[in-house]
Amino acid sequence: VASVGLTEKAAREAGYDVAVGRFPFTASGKARILDQVDGLVKVVADREYDEVLGVHIIGASATELIAEAGMMRQAEVTTEDVVRLMHPHPTLSEAIQEAMHDVHGTPVHF
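Quick look at the structure:
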């Protein structure tokens, strides 16, 4: 389990208009290859400015994957910025990108 930034509840309480994206590891090719499909990535974003407010990961390699999310918070990137980044395939880190796609209702593999 790994987390950075605001939870959905904390973001709402802080007055943000929240958008949420999720991507389950069951839909990840790499997680299937590793037989580690339990878990998901959840993204909390500000709907108005599209800024990533929080990323929460449960599952395989969560503590390694969260570093990318820490950079996102530090740099105040948008979900669209992350969608445009290249994430190699198949990798577990694709799940972060997929969750960002889901914020906009456009997941690629789910």
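When the sequence shown is numbered by our numbering, its final residue is 856 and no position is left out of the sequence of numbers.
For glycine and all other residues, C-beta sits at the position ideal for the given N, C-alpha and C.
- Taken through DSSP and simplified to helix, strand or coil, leucine 780 comes out as helix.
- The three-state reading of DSSP puts histidine 802 in strand, counting E and B together.
- In this structure, the beta-carbon distance from alanine 841 to valine 750 does not fall below 8 Å.
- Secondary structure note for glycine 851: it is in no alpha helix (DSSP H), with a DSSP letter that is neither H nor E.
- If the five residues before and after isoleucine 804 are omitted, its C-beta is found closer than 7 Å to the C-beta atoms of Val747, Gly785 and Leu786, all from its own chain and listed in chain order.
- Counting along the chain, the unbroken alpha helix (DSSP H) around aspartate 827 starts and ends at 825-830.
- Cβ atoms of serine 774 and leucine 838 come within 8 Å of each other, at about 6 Å.
- Membership of arginine 819 in the alpha helix (DSSP H) is indicated by the continuous run 808-821.
- A Cβ-Cβ distance of about 21 Å is found for the pair glutamate 822 and glutamate 844, leaving them out of contact under the 8 Å criterion.
- A distance below 8 Å between beta-carbons, with the five flanking residues on each side excluded, links threonine 753 to the following residues of its chain, in chain order: Val790, Gly800 and His802.
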